[in-house]
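Using our numbering, read the sequence shown as starting at 1 and increasing by one per residue.
Cβ coordinates follow ideal geometry from the N, Cα and C atoms, glycine included.
One structure is given here, and the rest of the page talks about it.
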Amino acid sequence: MLTRENFAFARQAGATHLVVHLVDYFRGAAPQRDDQPTGTDLGWGLAGDPGRLWTVDELLTLRREVEAAGLKLEAVENFDPAHWHDVLLDGPQRAQQIENVKTVIRRLGRAGIPVMGYNFSLAGVAGRTKGPYARGGATSVGMEGAYDVPMPLGMVWNMVYDPAAPVGMVPAVSSEELWRRLGAFLAEVLPVAQEAGVRLAAHPDDPPMATIRGQPRLVFQPRHYQRLIDLNPSPANQLEFCIGSLAEMTEGDVYEAVDHYSQQHRIGYVHFRNVRGKVPHYRETFIDEGDVDMLRVLQILKRNQFDGVLIPDHTPQMTCAAPWHAGMAFAMGYMKAALRTLETA
Ligand SMILES: [Mn+2]
Numbered sequence: 001m002l003t004r005e006n007f008a009f010a011r012q013a014g015a016t017h018l019v020v021h022l023v024d025y026f027r028g029a030a031p032q033r034d035d036q037p038t039g040t041d042l043g044w045g046l047a048g049d050p051g052r053l054w055t056v057d058e059l060l061t062l063r064r065e066v067e068a069a070g071l072k073l074e075a076v077e078n079f080d081p082a083h084w085h086d087v088l089l090d091g092p093q094r095a096q097q098i099e100n101v102k103t104v105i106r107r108l109g110r111a112g113i114p115v116m117g118y119n120f121s122l123a124g125v126a127g128r129t130k131g132p133y134a135r136g137g138a139t140s141v142g143m144e145g146a147y148d149v150p151m152p153l154g155m156v157w158n159m160v161y162d163p164a165a166p167v168g169m170v171p172a173v174s175s176e177e178l179w180r181r182l183g184a185f186l187a188e189v190l191p192v193a194q195e196a197g198v199r200l201a202a203h204p205d206d207p208p209m210a211t212i213r214g215q216p217r218l219v220f221q222p223r224h225y226q227r228l229i230d231l232n233p234s235p236a237n238q239l240e241f242c243i244g245s246l247a248e249m250t251e252g253d254v255y256e257a258v259d260h261y262s263q264q265h266r267i268g269y270v271h272f273r274n275v276r277g278k279v280p281h282y283r284e285t286f287i288d289e290g291d292v293d294m295l296r297v298l299q300i301l302k303r304n305q306f307d308g309v310l311i312p313d314h315t316p317q318m319t320c321a322a323p324w325h326a327g328m329a330f331a332m333g334y335m336k337a338a339l340r341t342l343e344t345a
């Protein structure tokens with residue numbers, strides 16, 4: 001939640017920058033605030049108001065509040081499905097919704113927010129389970145097998161944008177068709193982003209399966225990030241670089257991927273989290289108990305002069321009065337110490 005108290009918490013935990021979510025993932029759904037959504041076959045909740053885009057005033061007010069807490073507002077993460085569902089689905093409102101996306105990006109630029117994170121995905125972050133997966137039985141998320149239950153009409157990106165949609169299922173499209181949609185989206189939107197001084201940072205598929213809900217995915221192996229970069233040479237075409245998702249992928253090597261993409265200076269910001277296992281069987285862990293040597297990741301980023309923002313992304317919930325906050329504070333403390341180690345190496 002974007003409250004003054006949480007901004008103070010972030011600053012106290014040693015954060016310098018914030019990446020914020022403006023989409024309410026839980027609207028109309030069972031409350032699970034202050035934790036990652038997992039949801040049901042109907043996804044997380046209802047998408048927002050299709051007729052109301054984030055305003056410059058709202059964004060500026062948010063930026064001022066963040067700055068008043070001693071932080072910088074680095075990025076907004078994720079478009080609202082209500083504003084761009086037909087861009088993803090290539091539906092009848094696509095042209096108008098491309099304009100929505102352009103408007104949001106221009107407004108971010110006017111509000112001085114340099115990065116927009118996005119996830120070009122049909123099924124979205126679906127198919128994960130929740131359980132006592134992390135150290136000491138801490139509640140975390142993971143995957144216990146493929147999830148290809150078809151997606152009902154009116155749904156995309158694991159949210160419902162049209163509760164009155166007719167009964168039926170979203171027809172599956174080919175992987176090539178989804179890449180075509182992404183390419184068209186980037187070609188239309190990146191020039192606007194570049195002019196607005198905003199970089200668009202793409203998250204890989206979470207979970208990184210070839211299909212979820214029978215729909216294709218784009219970036220589910222490390223090499224697919226290169227295909228995305230090569231689609232469009234604009235310097236605004238960047239990556240929301242998720243170490244956890246990369247580690248969950250079945251091919252490649254997470255350290256090689258970090259080296260390869262940080263050398264190209266296309267990383268918008270980093271999701272710095274750890275995981276054990278690979279799809280379709282993995283679990284999100286505390287930052288110091290997963291398969292990834294997080295210090296080695298930092299060393300590679302430093303060697304390649306990455307100077308952007310790292311965020312903890314998600315962490316397991318700790319058993320206490322403030323499970324989310326404790327998890328985040330633990331990750332932040334670890335990150336601060338790891339960065340210090342790097343400075344003195
Ligand atoms: Mn991530």
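Where does the unbroken beta strand (DSSP E) through residue i begin, and where does it stop?
i	result
Pro132	129-134
Asn237	237-242
Asn274	274-278
Tyr282	281-285
Glu74	72-77
Leu18	17-20
Can you tell me where the alpha helix (DSSP H) with residue i in it begins and where it stops?
i	result
Val101	94-110
Met116	Here Met116 belongs to no alpha helix (DSSP H); instead the beta strand (DSSP E) covers 115-118.
Met335	323-344
Ser262	254-263
Glu65	56-68
Phe9	4-12
Ala82	81-89
Leu53	Unbroken run through Leu53: none, as it is neither H nor E.
Asp230	222-231
Leu346	Nothing about residue 346 can be read from this structure; the chain reaches only from 1 to 345.
DSSP beta-bridge partners for residue i?
i	result
Ala138	Ala134
Pro152	Met169
Arg199	Val115
Val309	Tyr269
Gly43	Thr40
Val160	Leu46, Met155
Pro204	Answer is none; Pro204 lacks a bridge partner.
Gln215	Ile212
Glu144	His281
Gln317	Thr139
With residue i and residue j assumed to form a contact (beta carbons below 8 Å), what rounded beta-carbon distance in angstroms separates them?
i	j	result
His85	Tyr161	5 Å
Val56	Arg107	5 Å
Leu328	Thr315	In the sequence as presented, Leu is not what sits at residue 328; that position holds Met. Met328 to Thr315, Cβ: 6 Å. Contact.
Val117	Val19	In the sequence as presented, Val is not what sits at residue 117; that position holds Gly. Correct: roughly 7 Å between the Cβ atoms.
Gly308	Ile267	6 Å
Ala69	Arg4	7 Å
Should residue i be counted as a contact of ligand 3 given a C-beta to heavy atom distance under 6 Å?
i	result
Cys320	Questions concerning ligand 3 fall outside what the structure shown contains, since the ligands it does hold are ligand 1.
Assess contact between the stretch 280-297 and the stretch 122-138, defined as three or more Cβ pairs (one per stretch) separated by less than 8 Å. Is contact present?
yes
Okay, do the stretch 211-228 and the stretch 108-128 touch, 3+ Cβ pairs below 8 Å being the bar?
yes
Any chance the stretch 163-175 sits against the stretch 71-84, with 3 or more Cβ pairs inside 8 Å?
no
Tell me, please, whether the stretch 246-261 touches the stretch 64-78 by the rule of three or more beta-carbon pairs shorter than 8 Å.
no
On the three-pair Cβ rule with 8 Å, is the stretch 172-180 touching the stretch 44-52?
no
Is it a yes or a no for the stretch 230-237 touching the stretch 193-207, going by three-plus beta-carbon pairs under 8 Å?
yes
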